Structure formats: C-alpha cells, structure tokens
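Each residue of the sequence shown is one higher than the one before, starting from 268 at the first, in the working numbering.
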Amino acid sequence: MEVACSGEDGLLLFAKENPDIVLLDVILPNMDGFSVISEIRVKNSHVPIIMVTGTEFSEENQIRGYQLGTINYMKKLVIPYAILSLIQNLLLIPSDVRKFNIDTNAITIQGQLVTIGDLSYDVIEKDSKVLLFLLDRIGQIVNRSIILNHIWYDDHPDKNNLLDSSILRLRKLVKEIPGMKIKSIYGFGYMITTENVT
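1. Mind the definition here: the segment 415-432 touches the segment 362-369 only if three or more C-beta pairs lie below 8 Å; say whether that holds.
2. What does a CB cutoff of less than 8 Å around K450 pick up in its chain, not counting 5 residues either side in sequence?
3. What did DSSP end up calling G456 once you bin it into helix, strand or coil?
4. Roughly how many angstroms lie between the CA atoms of Q407 and N297, to the nearest whole one?
5. Exposed or buried, what is V390 when buried is set at 16 or more other beta-carbons lying within 10 Å of its beta-carbon?
6. Looking at C-beta atoms only, is the number of pairs between the segment 346-353 and the segment 373-387 that lie closer than 8 Å three or more?
7. Would S432 and V397 be called neighbours here (beta carbons separated by less than 8 Å)?
8. Consider the Cβ of H313: report whether some Cβ of chain B lies at a distance smaller than 8 Å.
9. Assess contact between the segment 338-347 and the segment 436-444, defined as three or more Cβ pairs (one per stretch) separated by less than 8 Å. Is contact present?
10. Is the beta carbon of L335 closer than 8 Å to that of I383?
11. So what does DSSP say about D421, is it helix, strand or coil?
12. Near L386, what residues of its chain come up, given a Cβ to Cβ distance below 6 Å and the 5 sequence neighbours on each side ignored?
13. Relative to the C-alpha of D287, which candidate in E326, L359, S302 and V319 has its C-alpha closest?
14. State the Cα-Cα distance for the pair Y333 and N428, rounded to the nearest angstrom.
15. Is the separation between the beta-carbon of D403 and that of R331 shorter than 8 Å?
This is the structure we're talking about:
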C-alpha cells in the first residue's frame, strides 16, 4: 500500500506504481479529488476508484464523482472494515470485467463480450473498447481525437470513418436500454447520456 498526501503527489504515485485500486479523498491540498480522478481517467479507464469525503457529500458532488468514474462515493466517518471489505470484493472481480447499472439494465463488458440484461453479444474489439471508454465518462463530452488516440492510437482524419462506424454499431446495440443514448456533439465528439447510472 502506498500513501500520498496531496493530489499532485497522488498522480505521481499513480503513474509510478500503477495500483490495482485507488482510495481517494475529495479534499486534498493543491488539487482536489475531482481533479485527480479526471486526470487518472484520461490515462486509465478501468482502475477502481473509491472516493471519500467528510464535507462534500451534496447530491451534486456525488453525481459529479460518479460521472467522473468513481465506483463508490462514501461519507466519513467510514467504518474501516467496510472499506476493507469493499476493496477485497473489488479485487476479486477479474480485471477485464466491467459492470454498469443503467436504470434496470445491467451492462457487463468482458473483452469482446457485451452482456445487456440477459442477452450477450459478441462485438469487435474496437467497439467494445469504445463503449467502455464512453461508459467510463457518462455525461461527459469526449472529443473525437481523444477516442481515436486511445482506441486506434491515431487521430488522423482518415480514421474518422472507423469511429463513425463503431458508434453506429454501438447505437444499435444499446437502443433497447431506456434512457440511454450515444449522442453526437457537433464539432466535438460523443457523449453517453442516461437517466440513472450506478
């Protein structure tokens, strides 16, 4: 276990250690937890992050935390054994399995297998990665070039058709999920919107 006392030190430690899980306080010197998780999610979309706070527990801050990619937003004083149990459970989940709850529908992504409710679909690798990348940033506009660089490692304009085709296939895949949409933001990129995500 490694400990950092500021947001900036935390980012340096994260880059150095590549941890399996992150426990992140919202109130930190110099850089708050929201800024830290934003920086982490640009480079790492899958590491589990638990946020804790003693004062920033408003509905808006909780939603903000989840939209930025935390898997749990907990209020101090937190029972130490509760956090320990949560961490142990998270570490038991295979690292390539990601789960999202949208309204009454569960989405599980494991490699190229996407399961929505009781139905499973084999999708191409890039589609799975694009869906996961957007789900980790629900409610955020994700620039096309960021997606292309992250998934195809190249944002050259000749890759735009690949991304457009991927988005088209993913829209067909998720169209049965009430309230969930993959929106095109003209001139910027894409954004997943939904009424309820946990």
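Even glycine gets a Cβ: it sits at the ideal position worked out from N, Cα and C. The structure displayed is predicted, hence computed values, not measured ones.
Reading from the atomic positions:
1. no
2. Y457, M458, I459 and T460
3. strand
4. 24 Å
5. Looking at its Cβ environment, which holds 16 or more other Cβ atoms inside 10 Å, V390 is buried.
6. Under the three-pair Cβ rule at 8 Å, the segment 346-353 does not count as touching the segment 373-387.
7. no
8. Protein chain content of the structure displayed is limited to a single chain, and chain B is not contained in it.
9. Because the criterion of three Cβ pairs below 8 Å is not met, the segment 338-347 and the segment 436-444 do not touch.
10. no
11. coil
12. none
13. For D287, the nearest C-alpha among the options comes from L359.
14. 31 Å
15. no
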